[in-house]
Amino acid sequence: MTRIAVTGALGRMGTLIIQEAARAKDVQLVAGFDVTGAGKPLLGGIPVTDARLLGDTLKEIKPDVLIDFTIAKAAVENVCLAAALGIDLVVGTTGFSADQQTRMRSAIEGHVAAVISPNFSMGINVFWKLVVQEAASLKDYDIEIIEAHHNQKKDAPSGTALATVEVIKKALGEKDVVFGREGLAPRGKEIGVHAVRGGDIVGDHIVLLAGTGERLEIKHQAHSRTAFASGAVRAAQWVKGRSPGIYSMADVLESK
Ligand SMILES: NC(=O)c1ccc[n+]([C@@H]2O[C@H](COP(=O)([O-])OP(=O)(O)OC[C@H]3O[C@@H](n4cnc5c(N)ncnc54)[C@H](O)[C@@H]3O)[C@@H](O)[C@H]2O)c1
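Going by the numbering used here, the sequence shown opens with residue 58, and the numbers climb by one from there.
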């Protein structure tokens, strides 16, 4: 049995993760935290705990894994707190600064196991593999990444688009990155990254490789956040009790 706690329990992702956890075999929700709605019953009857009580409650309840889908500023504190208590982690929150990433890394390494991914869907992990393959085969083609998300998304570009940049750099070596273009903007050999925001788009990512007379597009579209939520619950089951360190969703999907 994997006993999970969720921070961001009343958010779009938190709500679905709790639903997926209720469906999963051998997963039990033992606490849900949010900054609003304290006392409100979550699926299964557990009331929302005020996020200010996170430390005391985790100490008392001792979940196996804390799943965090909040905002970057809060997630860093939540991760440091849980890691200090020896609780393994699944972190889906995006939009971390380099400093925030360093803080989380040093809190986790040598202490607990954590799966950190800007995208917990199975499809995007295959998408990244295809991107590596195509970028390596079409080395001289211009590369643009176009992502689209709903109008409530706080960070831009998406964590998935930034992870895609890193995947391409791994395949092709260091490259300049240009975020959007305006005015006189002659194209060099950079990777262009473009963020579209509107309506209730769950999450689209396109990598466009354009050469002379042709272009190739690799596209992933999430229709429902369930794709991320089920991946996060699967990651929680996988990460429990692993050796300390930071793991990716590819580690979860590829492990036997
Ligand atoms: N990794 C993935 O697969 C994936 C998929 C979708 C979204 N995301 C990311 O997950 C995050 C959450 O997305 P969302 O759409 O659910 O947002 P949301 O705004 O619907 O939910 C965030 C929730 O976190 C709560 N919160 C804020 N500070 C908190 C704190 N200190 N403690 C506890 N709860 C706190 C908010 O009140 C809110 O209920 C974003 O960073 C988003 O980019 C990741």
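Even for Gly, the Cβ is constructed at its ideal location relative to N, Cα and C.
Cβ-based neighbour list, residue i, same chain, cut-off 8 Å, excluding 5 preceding and 5 following
i      : result
LEU152 : The amino acid at residue 152 is misidentified as Leu; the sequence shows Gly. These residues qualify, in order along the chain: ILE128, ALA129, LYS211, ASP212, GLY216.
ASP197 : GLY268
ALA286 : MET70, LEU73, ILE74, GLN76, GLU77, PHE177
LEU195 : LEU266, GLY268, LEU273
8 Å contact criterion, which residue i and residue j should meet: CB distance rounded
i      : j      : result
VAL105 : GLY112 : Going by Cβ atoms, the distance from VAL105 to GLY112 rounds to 16 Å, so no, they are not a contact pair.
LEU229 : ALA192 : 6 Å
ILE144 : VAL172 : So it is not a contact: roughly 13 Å between Cβ atoms.
LYS232 : ILE248 : 5 Å
PHE126 : GLY65  : 4 Å
ALA79  : PHE90  : Not a contact, Cβ separation roughly 17 Å.
LEU187 : ILE275 : 5 Å
VAL189 : VAL224 : 6 Å
Simplified DSSP state of residue i, which is helix, strand or coil
i      : result
ALA93  : It is worth fixing the name first, because residue 93 is Thr in this sequence and not Ala. Coil.
GLU247 : coil
ALA171 : strand
ARG60  : strand
ASP121 : coil
GLY216 : helix
GLN157 : helix
LEU86  : strand
LEU328 : The structure shown has nothing for residue 328, since the chain only spans 58 to 313.
ASP113 : helix
ILE348 : A question about residue 348 goes unanswered here, because the residues of the chain that appear run from 58 up to 313.
GLY68  : coil
GLY180 : helix
PHE285 : helix
ARG299 : coil
LYS130 : helix
Strand pairing of residue i, partner residues [DSSP]
i      : result
HIS262 : GLU204, HIS277
PHE236 : VAL250
GLU271 : GLY268
PRO98  : PRO104
TYR304 : VAL172
ASP199 : ALA267
Option nearest residue i by Cα separation, candidates the options
i      : options                        : result
ILE258 : GLY268, PHE177, SER281         : SER281
MET161 : LYS186, SER178, ASN135, ASN176 : ASN135
GLY102 : LEU86, LYS116, LEU115          : LEU86
ALA170 : ALA140, SER154, ASP156         : ALA140
THR150 : GLY288, HIS168, HIS207, ILE124 : ILE124
VAL92  : ALA81, LEU67, TRP185           : LEU67
HIS262 : ALA252, GLU271, GLU311         : ALA252
ILE303 : ALA81, LYS186, THR159, VAL183  : THR159
Nonlocal neighbours in the same chain, by C-beta distance under 6 Å from residue i, ignoring five residues either side
i      : result
ILE202 : ALA218, THR221, VAL250, VAL264
GLY255 : ASN208
PRO301 : GLY167, HIS168, VAL169, ALA170
Close Cβ partners of residue i (< 7 Å) along its chain, the five nearest in sequence each way excluded
i      : result
GLN157 : ALA129, VAL133
LYS297 : THR59, ASP121, VAL122, ASP145
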